[in-house]
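S.K.: Here's a structure for you.
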Amino acid sequence: MCAIAGIVSLQTNFVEQNKLQQMAAVMQHRGSDAEGFWMNDTKTVGFAHKRLSIIDLSENAAQPMHFPLFNKSNEIKYTIVYNGEIYNYIELREELKTKGYTFKTQSDTEVLLALYDCYNEKFLNLLDGMFAFAIWDNEQNKLFIARDRLGEKPLYYYNSNDQFLFASEIKALWKVGIDKEINHTLFLNYLAAGLINNPTNASETFYNNIKKLPAAHAISYQVQSKKINVYQYWNPAITSLSEKITDKDITEKFVHLFNQSVARRLRSDVAFATSLSGGLDSSSILATIAQFLPENSLQNLQSFSAVFPNFEKDESKYITLVTDKFNIKNTTVTPIVEEFANDFEKL
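Start counting at 1 in the sequence shown, then tack on 333, and there's your number in my numbering.
Here it is in structure tokens:
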């Protein structure tokens, strides 16, 4: 995972480097490979990024990343900070090449910038991945932020008359002076019923002045007019029960999508691993990974499991069956109450 943060203001010289650094510093745990900061010439816009490198480990793929004008390479057209992975970035990059786009990196970040240039905000429906990103459009004086369909990657924001701030974690907003105004209603709902979200308002958080960008939503913020448009860009398609579809069709479609999903998630420039509970889901994922990997590289694949001895639904024996089958190295963790008590403060 990575961390992103940003400040947008109408006031010239409002954004300061130390503010961006403070926001990034409290999210150090989200990305320790590199960090980057950017401010526009008038210091009305600033971005921060903490990087955990997975695709294209070179410095060329560092963020914030800029998209230059085609005829004036010294001018910035768009700037992005991004947390996540676009699993179909290779297919999208090849499509963009047919439209005349060229690429200087192997990163999915650069693909996002080119997609925005080609399709503007409509490119969101082309993405297969988990993401939260912000793009500053220098030509339209606009901030565009979006979150993936299922909300895997977090994104919070604060909006007032004179500034718009966003970050991967709420505490980054506190770091630059945003007050902690407790949302007492949601807090009481949590204590009484364990609710951490408001089912009637997905943007609500435990703090009244800080909002969460819901899953499958985007924000287009026109700075000069202070016009903010929050909209949902995707809804799951519901198949009608009246449609004629056989069990064979359903099975074939599922197997295709499942295999495609696993294969795309194996695209990485660093070593990867998988979690293994011993259940059907995680066991199927591991078996499919083994199917795609060369036999001589299986020995480098690792799995991780949490086991609970004496628990009536302990699946340790199934974990062993799977790891023995594919000769996979497995690391087992046994959570205990004492360790949880020690870690609670960090959580």
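For each residue, glycine too, the CB sits at the ideal point set by N, CA and C.
1. Short of 6 angstroms in beta carbon distance, which residues of its chain neighbour D441, apart from the five on each side in sequence? Order them along the chain.
2. Only counting the same chain, and skipping five residues up and downstream in sequence, which positions put a Cβ closer than 8 angstroms to that of F403?
3. If you run the structure through DSSP and keep just helix, strand and coil, what is T435?
4. Extract the residue ranges of the beta strand (DSSP E) inside the region 620-680, only unbroken runs of 3 or more that lie entirely within it.
5. Please give the ranges of any beta strand (DSSP E) in the region 553-605, keeping only runs that are unbroken, at least 3 residues long and fully inside the region.
6. Flag E514 as yes when its Cβ comes closer than 7 angstroms to any non-hydrogen atom of the ligand GTP, and as no otherwise.
7. For K475, write down the residues that DSSP places opposite it in a beta bridge.
8. Taking contact to mean 3 or more Cβ pairs, one atom from each stretch, closer than 8 angstroms, check whether the region 452-467 and the region 541-553 are in contact.
9. Taking DSSP as the reference, what is the three-state secondary structure of T345?
10. Any idea which residues DSSP pairs G527 with across the strands?
11. Under the DSSP definition of a beta bridge, which residues are partnered with E418?
12. Using the Cα positions of I409 and P401, report the straight-line distance between them to the nearest angstrom.
13. Near K376, which residues of its chain fall below 6 angstroms by C-beta distance, leaving aside the five closest residues on each side in sequence?
14. If you run the structure through DSSP and keep just helix, strand and coil, what is K410?
15. Where do the N-terminal and C-terminal ends of the alpha helix (DSSP H) with Q350 fall, by residue?
16. Taking the alpha carbon of D374 as the point to measure from, which residue in N471, K650 and K559 has its own alpha carbon closest?
17. In the structure shown, what three-state DSSP assignment does F456 receive?
18. Measure the Cβ-Cβ separation of S601 and V655 and say whether it is below 8 angstroms.
19. So, is G527 buried or exposed, given that buried needs 16 or more other C-beta atoms within 10 angstroms?
20. Label P627 either buried or exposed according to how many other C-beta atoms from any shown protein chain fall within 10 Å of its C-beta, with 16 as the threshold for buried.
21. Mind reading off the beta-carbon distance from Y449 to Y411? Whole number of angstroms is fine, and I expect it under 8 angstroms.
22. Measuring only the C-alpha atoms, how far is N522 from N531?
23. Could you tell me the alpha carbon to alpha carbon distance between R597 and E424, rounded to whole angstroms?
24. Buried or exposed: L609, going by 16 or more other Cβ atoms within 10 Å of its Cβ?
25. Between S553 and F637, how many whole angstroms is the CB-CB distance? I'm expecting something under 8 angstroms.
26. Mark Q344 as exposed unless 16 or more other C-beta atoms lie within 10 angstroms of its C-beta, in which case mark it buried.
27. Please list the terminal residues of the continuous beta strand (DSSP E) segment that includes A381.
28. Which residues mark the beginning and the end of the beta strand (DSSP E) in which L506 is found?
29. Given a cut-off of 8 angstroms on the beta-carbon distance, is the pair V563 and W469 in contact?
30. Which whole-angstrom value is the C-beta distance of Y489 and K430, which I expect to be below 8 angstroms?
31. So the candidates are F370, G364, P642 and V588; which of them puts its Cα closest to the Cα of Q354?
32. Measuring alpha carbon to alpha carbon, tell me which residue in M372, T584, Y415 and L390 is nearest P487.
33. From the DSSP secondary-structure annotation, give me the bridge partner or partners of I340.
34. Report the residue from W567, Q473, H399 and F464 whose alpha carbon sits nearest the alpha carbon of R480.
35. Using the DSSP secondary-structure output, state which residues sit across from P547 in a beta bridge.
M.R.: Inspection of the coordinates gives the following:
1. The count along the sequence shown starts at 1 and reaches residue 441 at position 108. Excluding residues within five positions, the ones whose Cβ falls inside 6 angstroms are I388, I419 and Y422.
2. Mapped onto the sequence shown, residue 403 falls at position 70. Its pLDDT being 45, under 50, F403 is placed unreliably by the model, and nothing is read from it.
3. Within the sequence shown, residue 435 is the residue found at index 102, counting from 1. Secondary structure at T435: coil, using DSSP grouped into helix, strand and coil.
4. Segments of the beta strand (DSSP E) lying fully in the region 620-680: 635-639 and 662-666.
5. List check, beta strand (DSSP E) in window: 560-565.
6. The ligand GTP is not part of the structure shown, which contains no ligands of any sort.
7. Position 142 of the sequence shown, counting from 1, holds the residue named residue 475. BP columns for K475 point to D470 and Q555.
8. Cβ pair count under 8 angstroms is three or more, so yes.
9. On the sequence shown, residue 345 is found 12 positions in, with the first residue counted as 1. Correct three-state label for T345: coil.
10. Against the sequence shown, residue 527 aligns to sequence position 194. Listed as beta-bridge partners of G527 by DSSP are no residues whatsoever.
11. If you number the sequence shown from 1, residue 418 lands on position 85. Under the DSSP definition of a beta bridge, E418 partners with M463.
12. Reading the sequence shown from its first residue, position 76 is the one you call residue 409. Reading the sequence shown from its first residue, position 68 is the one you call residue 401. Distance between the alpha carbons of I409 and P401 is about 5 angstroms.
13. As a first step, residue 376 must be located in the sequence shown, where it is residue number 43. Closer than 6 angstroms at the Cβ level, and outside the excluded window around K376, lie N346 and V348.
14. Counting from 1 along the sequence shown, the entry for residue 410 is found at position 77. DSSP, read as helix, strand or coil, puts K410 in strand.
15. Residue 350 sits at position 17 when you count from the first residue of the sequence shown. Q350 -> alpha helix (DSSP H) spans Q350 to A358.
16. Position 41 of the sequence shown holds residue 374. Measuring from the Cα of D374, the nearest candidate turns out to be N471.
17. Within the sequence shown, numbered from 1, the residue matching residue 456 stands at position 123. Three-state DSSP puts F456 in a helix.
18. Position 268 of the sequence shown, counted from the start, is the residue given in the question as residue 601. Position 322 of the sequence shown, counted from the start, is the residue given in the question as residue 655. Going by C-beta atoms, S601 is not nearer than 8 angstroms to V655.
19. On the sequence shown, residue 527 is found 194 positions in, with the first residue counted as 1. The C-beta of G527 has fewer than 16 other C-beta atoms within 10 Å across all chains shown, which makes the residue exposed.
20. Here residue 627 refers to the residue found at position 294 of the sequence shown. Counting Cβ neighbours within 10 Å, P627 comes out exposed, since fewer than 16 surround it.
21. In the sequence shown, residue 449 corresponds to position 116, counting from 1. In the sequence shown, residue 411 corresponds to position 78, counting from 1. The Cβ separation is near 6 angstroms, so the contact holds.
22. In the sequence shown, counting from the first residue as 1, residue 522 sits at position 189. In the sequence shown, counting from the first residue as 1, residue 531 sits at position 198. Approximately 9 angstroms between the Cα atoms of the pair.
23. Looking up residue 597 in the sequence shown gives position 264. Looking up residue 424 in the sequence shown gives position 91. Cα-Cα distance, rounded: 10 angstroms.
24. Position 276 of the sequence shown holds residue 609. By the 10 Å Cβ count, L609 comes out buried.
25. As a first step, residue 553 is located in the sequence shown; it is residue number 220 there, counting from the start. As a first step, residue 637 is located in the sequence shown; it is residue number 304 there, counting from the start. That belief does not hold up - the Cβ atoms of S553 and F637 are roughly 40 angstroms apart, past 8 angstroms.
26. Mapped onto the sequence shown, residue 344 falls at position 11. Exposed, since its Cβ has fewer than 16 Cβ neighbours within 10 Å.
27. Along the sequence shown, read from residue 1 onward, the residue named residue 381 stands at position 48. Its beta strand (DSSP E) spans residues V378 to R384.
28. The sequence position of residue 506 within the sequence shown is 173, counting from 1. For L506, there is no enclosing beta strand (DSSP E); the residue is part of the alpha helix (DSSP H) that begins and ends at I503 to W507.
29. The sequence position of residue 563 within the sequence shown is 230, counting from 1. The sequence position of residue 469 within the sequence shown is 136, counting from 1. In this structure, W469 does not lie closer than 8 angstroms to V563 by Cβ.
30. Indexing the sequence shown from 1 puts residue 489 at position 156. Indexing the sequence shown from 1 puts residue 430 at position 97. In this structure, Y489 and K430 do not form a Cβ contact; the two beta carbons are roughly 35 angstroms apart against a cut-off of 8 angstroms.
31. Here the question's residue 354 lines up with position 21 in the sequence shown. The shortest CA-to-CA distance from Q354 to any of F370, G364, P642 and V588 is the one to F370.
32. Position 154 of the sequence shown holds residue 487. Out of M372, T584, Y415 and L390, Y415 has the C-alpha closest to the C-alpha of P487.
33. Translated into positions along the sequence shown, residue 340 becomes position 7. Partner(s): G379 and L498.
34. Within the sequence shown, numbered from 1, the residue matching residue 480 stands at position 147. It is F464 whose Cα lies nearest to the Cα of R480.
35. The residue given as residue 547 occupies position 214 in the sequence shown. Looking at the DSSP assignment, P547 forms no beta bridge with any residue, so it has no partner.
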